[in-house]
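Have a look at the structure below, then the notes.
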Amino acid sequence: MKQLAIGFLSLIAIALPLRAEQPQDIILSHALQARQDNADFLGFDSHRGEQFFKSQHNGGDWSCASCHTDNPAVAGLHTVTKKEIEPMAPSVNPARFTNISKVEKWFKRNCKDVLSRECTAQEKGDVITYLMSLNR
Amino acid sequence: MSSIKVWDLPTRFFHCLLVLSFAGAFLTAESEHNRDLHVLFGYTVLGLIVFRLLWGFIGSRYARFSNFVCSPKGVVLYLCQLIKNQAAHSVGHNPAGGVVIVLLLLLGIASGLSGWAVYEDIGTDSFTEWHELISNAMLALVCIHITGVVVSSYLQGENLIAAMITGKKPGEANQAIANNASSLAWLVLVMVIGLWFWAWPDAKDLNWLLHTIVWWQ
Chain W
18 MKQLAIGFLS LIAIALPLRA EQPQDIILSH ALQARQDNAD FLGFDSHRGE QFFKSQHNGG
78 DWSCASCHTD NPAVAGLHTV TKKEIEPMAP SVNPARFTNI SKVEKWFKRN CKDVLSRECT
138 AQEKGDVITY LMSLNR
Chain P
130 MSSIKVWDLP TRFFHCLLVL SFAGAFLTAE SEHNRDLHVL FGYTVLGLIV FRLLWGFIGS
190 RYARFSNFVC SPKGVVLYLC QLIKNQAAHS VGHNPAGGVV IVLLLLLGIA SGLSGWAVYE
250 DIGTDSFTEW HELISNAMLA LVCIHITGVV VSSYLQGENL IAAMITGKKP GEANQAIANN
310 ASSLAWLVLV MVIGLWFWAW PDAKDLNWLL HTIVWWQ
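Line by line, the protein sequences are chains W and P.
Position one of the first sequence corresponds to residue 18 (the numbering used here), numbered consecutively onward.
Position one of the second sequence corresponds to residue 130 (the numbering used here), numbered consecutively onward.
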């Protein structure tokens, strides 16, 4: 059964590049990675994502919310440059999570700033799930 | 042969400030904490190169493009002679070095402009990719430049690195430049340091710069 599930997910993953990327596709690719990282992977959770988004990690002075604010459905403000950052929630900003290389690039850069390490697929999937759960 | 002045002071100050700004921009590129500093260093690179382009037309003898930019044919000829150890000695830049310098200046401009486009959200996201690509190409070229200087120093039996600091090289008295243009050089230095004082982000970011340097090591 497990093999069947992995096989099915892999088939979808192979078929993904054939159409424009959607947030669901990006979540799926993180799910595949999370399952590879951890055999006990149980899926993503928007509450865990919300908590991750809003808290500081490892004594760092920033959280995701430092720039993206506690409400990702509104525009954020870069704490250093004071420049506006477009909303993260796809419900108000449909351009979000439609380009996986862009998503990965920014996770890589920003996770280093917030956690002093790269994020795991589990953490990234939780955060995207949280952002997708937000309504207008 | 005696020790003569070859590099005027503005050229040497430009070189030193460009090294500092370019290195600073690279060290502050990885973190959003240092975004202000990174942008400041990038703008400094742009300003310095604009100055150098002007100085390439009105500067002293060996600082002028007309002294060290030659045709592609001339560059190939020089490289062929270099392999056969028959290359003529250049008082200023040799033809191959001249190519690298022109490319460095052009890449510096492209890096600065693409970085500005990224910062101001002009155009598409692809500017980010271009900015990284151009800046990495410039870093690679810096490595080629340093290699060329070290190899040339060895082949010619003269210290070209020291020459870029003191401005002096071995040569005939009639090959020396007449004017060091010191006043202009100090003016440029004061302007750059003034810019940094005026635009430097607050002390918190200075801590982050130190943090970044420690993290890099």
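Yeah, the Cβ is synthetic: ideal placement off N, Cα and C, and Gly gets one too.
Item checked: Residue interval of the beta strand (DSSP E) (run including S312/P) -> No beta strand (DSSP E) contains S312/P, which is instead part of the alpha helix (DSSP H) from S311 to A328.
Notebook entry, point to check: Between the C-alpha atoms of Q139/W and L268/P, what's the straight-line distance to the nearest angstrom?
Noted result: 35 angstroms
Notebook entry, point to check: So with Cβ pairs under 8 angstroms, would you call K141/W a contact of chain P?
Noted result: no
Notebook entry, point to check: Taking Cβ to Cβ, would you say P107/W is nearer than 8 angstroms to F114/W?
Noted result: yes
Next item on the list: Closer than 7 angstroms, Cβ to Cβ, to anything on chain W: give me those residues from the region 162-182 of chain P, in chain order.
Entry: H162, R164 and D165
Next item on the list: With a threshold of 16 other CB atoms inside 10 Å of the CB of E249/P, please say whether the residue is buried or exposed.
Entry: exposed
Checklist line | Buried/exposed call for R52/W, threshold 16 Cβ in 10 Å | finding: buried
Next item on the list: Measuring only between beta-carbons, confirm whether D137/P sits less than 8 angstroms from chain W.
Entry: no
Next item on the list: Can you check DSSP and say which residues form a bridge with S63/W?
Entry: Per DSSP, none; premise fails for S63/W.
Notebook entry, point to check: Any idea if W327/P is buried or exposed, counting beta-carbon neighbours within 10 angstroms, 16 or more meaning buried?
Noted result: exposed
Note to self: Suppose you measure from the CA of S311/P to the CA of V280/P; what does that come to, to the nearest Å?
What the structure shows: 30 angstroms
Check: What does a CB cutoff of less than 7 angstroms around V168/P pick up in its chain, not counting 5 residues either side in sequence?
Finding: Y248
Next item on the list: Look up S160/P in the DSSP assignment and give the residues it is bridged to.
Entry: Looking at the DSSP assignment, S160/P forms no beta bridge with any residue, so it has no partner.
Next item on the list: Pull up the DSSP beta-bridge partners for K297/P, would you.
Entry: K134/P
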